[in-house]
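Right, one structure below, let's go through it.
There are 2 protein chains.
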Amino acid sequence: MRILITGSAGFVGSHLVERFLNEGHTVIGVDNYISGQVSNTDLFREHPRFTFIEADVSHGIPYTGDSLDWVMHFASPASPPHYQQFPVETLMVGAQGTQNGLELAHAHGAGFFLASTSEVYGDPHVHPQPETYWGNVNPIGVRSCYDEAKRYAEAITMAYHRSRGVNTRIIRIFNTYGPRMRPDDGRVITNFVHQALRGEPLTVYGDGSQTRSFQYIDDLVEGISRLMMVEYHEPVNLGNPDEFMMIELAKVVEDVFVNNIQMVSIPLPLDDPKQRKPDVELARKLLGWSPNISLQKGLNLLSPHLKNDQ
Amino acid sequence: MRILITGSAGFVGSHLVERFLNEGHTVIGVDNYISGQVSNTDLFREHPRFTFIEADVSHGIPYTGDSLDWVMHFASPASPPHYQQFPVETLMVGAQGTQNGLELAHAHGAGFFLASTSEVYGDPHVHPQPETYWGNVNPIGVRSCYDEAKRYAEAITMAYHRSRGVNTRIIRIFNTYGPRMRPDDGRVITNFVHQALRGEPLTVYGDGSQTRSFQYIDDLVEGISRLMMVEYHEPVNLGNPDEFMMIELAKVVEDVFVNNIQMVSIPLPLDDPKQRKPDVELARKLLGWSPNISLQKGLNLLSPHLKNDQ
């Protein structure tokens, strides 16, 4: 297949490029490096079936090559410090960026695959979150540039499916970690692991009782690959339902990386969700998928990559 | 002042044009007539302080005149049959249209005024709805092309205010009626009144126990005018909190228009909100505003306009 991936130099995007190249597909990567990393493009630059286009997909996707089978829209700043630094760009890649991808897919008769997010559930009143939950998002808060952009991206994807017949997929990605995350992405696993490796105390927001679930990247990529093969157009959660309080996560990091970790508490950020955990029954039934990699195992898989980064 | 109004040929837009011209301002109207009516432009075409630009604001606002004081973004299909007929256009006028208005306001150092909607509350779990309620919207439902577009419009308006210093206003408009609504707009007051005038039975969705509140256009315009004069950037509800079940509304229509009205019931549309009622305490405190025109009075004000339309 010929697959165009926006955000190919991002964390998730770069793992998709790797997977599809390994499976024998042709991949066109697109990124503007607003949050992606040139090093993630360099990994594949010499590969005969990889092409890279440096472009901001919010202003158009300048692809003029052979017929595409899939357009996969994974471009967006995704961590709170990044999207809050680029609120307008984040809103645009959710709206214009998604629409440009849908138009390209429509022109090629290709499938369109949207990377949405558990952030569409906001600070949820239902726990765990099934795909049928409509969410609790502050439309004017400091996180809304990301959350509302992704909700809009889902709405326009469904509109192109319903009114223009585009063969669409939507996933809602829950917290995911693995090699090639930006060390400065500001998310808790990255923060904890880098703080531990530097021998610094771990920074916990509030009392550390808020919970998150953490999915290893390989589980996510497997779920994406399976969903491409199934005709299903509504959103599908992909995440690991094992739930950890931040103080429990700190203990696992201590086990894997270093002894005698200290913690310091700083105030909770605005609109920070208190808990988030996927209901993955739909993915289980639809795709025969469930996450295989425990937090302990995933951190062990991550560990050698991080030490190389230091 | 020099005021540019997108959606100037729409129902609310045309009343704003009238108000501002009457107050001595200069008005530039912009509309593409996707749901606006040429007759609403014709009303002002000869006015020396009115200019009209036919354009789709989602593709840019081709204004090159003197410095603007306000950009008021009121363009959008707003009734369910219209926006469901034009889902992509509705999404675009909420995203690209809003952003084009914000950019124009930014370039002119003008204020930007967003017409948002009670639809951002979706099918609310909190009743009545204060501005602090985050809403209950289905991001992938058939109404999401409108609801999510408006939530996105609020988010990008706040982003331009926070990150680029644009002097913004946001109102959330609850059901509003008055002269110059499209006879085919599909909303309940229009449907009931036109059915009554034609001697047809009134069409009630479900058992008619769902509630709505109805604001007469003059109250809305007064609220808009007052908010322009106050420095406040978060959303403000403008609506009439008097709540009516559909079967009660039918009785008022009977009183005003015709005796012995029949009703027929048809199934509820998808995701139709069961109730919607504004909390208007904020507007009361901030603007000294509250709606003055009762449903009975408003329908009497509307009546001569409708008979002229027949």
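Here the protein sequences line up with chains A and B, keeping their order. Take the first sequence: its letters are residues 2 to 311, numbered as in my numbering. Take the second sequence: its letters are residues 2 to 311, numbered as in my numbering. Glycine included, every Cβ here is placed at the ideal spot set by N, Cα and C.
Suppose the cutoff is 8 angstroms on Cβ atoms and the five residues either side in sequence are ignored; what does the same chain contact list for residue i look like?
i                      : result
residue 212 of chain B : 244, 245, 246, 247, 275, 276, 277, 278
residue 346 of chain B : This structure cannot speak to residue 346 of chain B, because chain B is shown only from 2 to 311.
residue 61 of chain A  : 101
residue 192 of chain A : 203, 204
residue 210 of chain A : 246, 247, 248
residue 200 of chain A : 259
residue 127 of chain B : 134
Classify residue i: buried if its beta carbon has 16 or more other beta carbons within 10 angstroms, exposed otherwise.
i                      : result
residue 252 of chain A : exposed
residue 40 of chain B  : exposed
residue 25 of chain B  : exposed
residue 157 of chain A : buried
residue 196 of chain B : buried
residue 43 of chain A  : exposed
residue 305 of chain A : exposed
residue 185 of chain A : exposed
residue 271 of chain A : exposed
residue 230 of chain A : exposed
residue 102 of chain A : buried
residue 155 of chain B : buried
residue 148 of chain B : buried
residue 287 of chain B : exposed
residue 237 of chain A : buried
residue 299 of chain B : buried
residue 269 of chain A : exposed
residue 222 of chain A : buried
Mind checking whether residue i and residue j have CB atoms under 8 angstroms apart?
i                      : j                      : result
residue 31 of chain B  : residue 4 of chain B   : no
residue 190 of chain A : residue 178 of chain A : yes
residue 57 of chain B  : residue 33 of chain B  : yes
residue 1 of chain A   : residue 204 of chain A : This structure leaves residue 1 of chain A out entirely; chain A is present only between 2 and 311.
residue 132 of chain B : residue 283 of chain B : yes
residue 170 of chain A : residue 83 of chain A  : no
residue 20 of chain B  : residue 226 of chain B : yes
residue 119 of chain B : residue 94 of chain B  : no
residue 81 of chain A  : residue 187 of chain A : yes
residue 70 of chain B  : residue 98 of chain B  : no
residue 194 of chain B : residue 265 of chain B : no
residue 198 of chain A : residue 258 of chain A : yes
residue 297 of chain A : residue 256 of chain A : yes
residue 143 of chain A : residue 85 of chain A  : yes
residue 135 of chain B : residue 123 of chain A : yes
What residues of chain D sit near residue i, judged by a beta carbon separation below 9 angstroms?
i                      : result
residue 121 of chain B : Going by chain labels, chain D is absent from the structure shown, which instead holds the protein chains A and B.
What residues in its chain sit with their C-beta under 6 angstroms from that of residue i, if we drop five residues either side in the sequence?
i                      : result
residue 310 of chain A : With a pLDDT of only 49 at residue 310 of chain A, under the threshold of 50, the placement of this residue in the model should not be trusted; the figure read from the coordinates follows. Around residue 310 of chain A: no qualifying Cβ.
residue 48 of chain A  : 22
residue 17 of chain B  : 6
residue 96 of chain A  : 153
residue 285 of chain B : 291
residue 73 of chain B  : 6, 114
residue 27 of chain A  : 3, 50
residue 208 of chain A : none
Below 7 angstroms, is the gap between the Cβ of residue i and the nearest heavy atom of the ligand GDP?
i                     : result
residue 45 of chain A : The ligand GDP is absent from the structure shown, which contains no ligand whatsoever.
For the putative contact between residue i and residue j, defined by C-beta atoms under 8 angstroms, what is the C-beta separation to the nearest angstrom?
i                      : j                      : result
residue 75 of chain B  : residue 14 of chain B  : 4 angstroms
residue 116 of chain B : residue 174 of chain B : 6 angstroms
residue 146 of chain A : residue 79 of chain B  : In fact, because the Cβ distance is near 25 angstroms, the residues do not count as touching under 8 angstroms.
residue 150 of chain A : residue 64 of chain B  : Contact doesn't hold; Cβ gap of about 27 angstroms is too wide.
residue 137 of chain A : residue 125 of chain A : 6 angstroms
residue 35 of chain A  : residue 52 of chain A  : Going by Cβ atoms, the distance from residue 35 of chain A to residue 52 of chain A rounds to 20 angstroms, so no, they are not a contact pair.
residue 12 of chain A  : residue 181 of chain A : 5 angstroms
residue 172 of chain A : residue 239 of chain A : 5 angstroms
Please go through the same chain and pick out, in chain order, the residues whose beta-carbon is closer than 7 angstroms to the beta-carbon of residue i, but skip the five residues on each side of it.
i                      : result
residue 108 of chain B : none
residue 220 of chain B : 241, 292, 293, 294
residue 8 of chain A   : 14, 32, 37, 75, 76, 77
residue 165 of chain A : 107
query: Given a limit of 7 angstroms on CB to CB distance, which residues of the region 185-212 of chain B reach chain A?
result: Answer set for the region 185-212 of chain B: empty.
message: Which residues of the region 84-114 of chain B have a Cβ closer than 7 angstroms to any Cβ of chain A? Give them in chain order.
response: Cβ contacts with chain A come from 88, 89, 92, 96, 97.
Against chain B: residues of the region 223-241 of chain A by CB proximity under 7 angstroms: For the region 223-241 of chain A, the set of positions with a beta-carbon nearer than 7 angstroms to some beta-carbon of chain B reads 235, 236 in chain order.
task: Can you give me, in chain order, the residues of the region 157-170 of chain A that have a beta carbon less than 9 angstroms from any beta carbon in chain B?
output: In summary, the residues of the region 157-170 of chain A whose CB is separated from some CB of chain B by less than 9 angstroms are 157, 158, 159, 160, 161, 163, 164, 165, in the order they occur in the chain.
- prompt: Taking a cut of 7 angstroms between CB atoms, which residues from the region 56-87 of chain B lie near chain A?
  reply: Flagged: no residues at all.
task: Could you please tell me which residues of the region 259-280 of chain A, in chain order, have their CB closer than 7 angstroms to any CB of chain B?
output: Residues of the region 259-280 of chain A whose Cβ lies closer than 7 angstroms to any Cβ of chain B: none.
Members of the region 2-23 of chain A that neighbour chain B once the beta carbon cut-off is set at 7 angstroms: Considering only beta carbons, no part of the region 2-23 of chain A lies closer than 7 angstroms to chain B.
field: Against chain A: residues of the region 284-311 of chain B by CB proximity under 8 angstroms
entry: Cβ contacts with chain A come from no residue of the region 284-311 of chain B.
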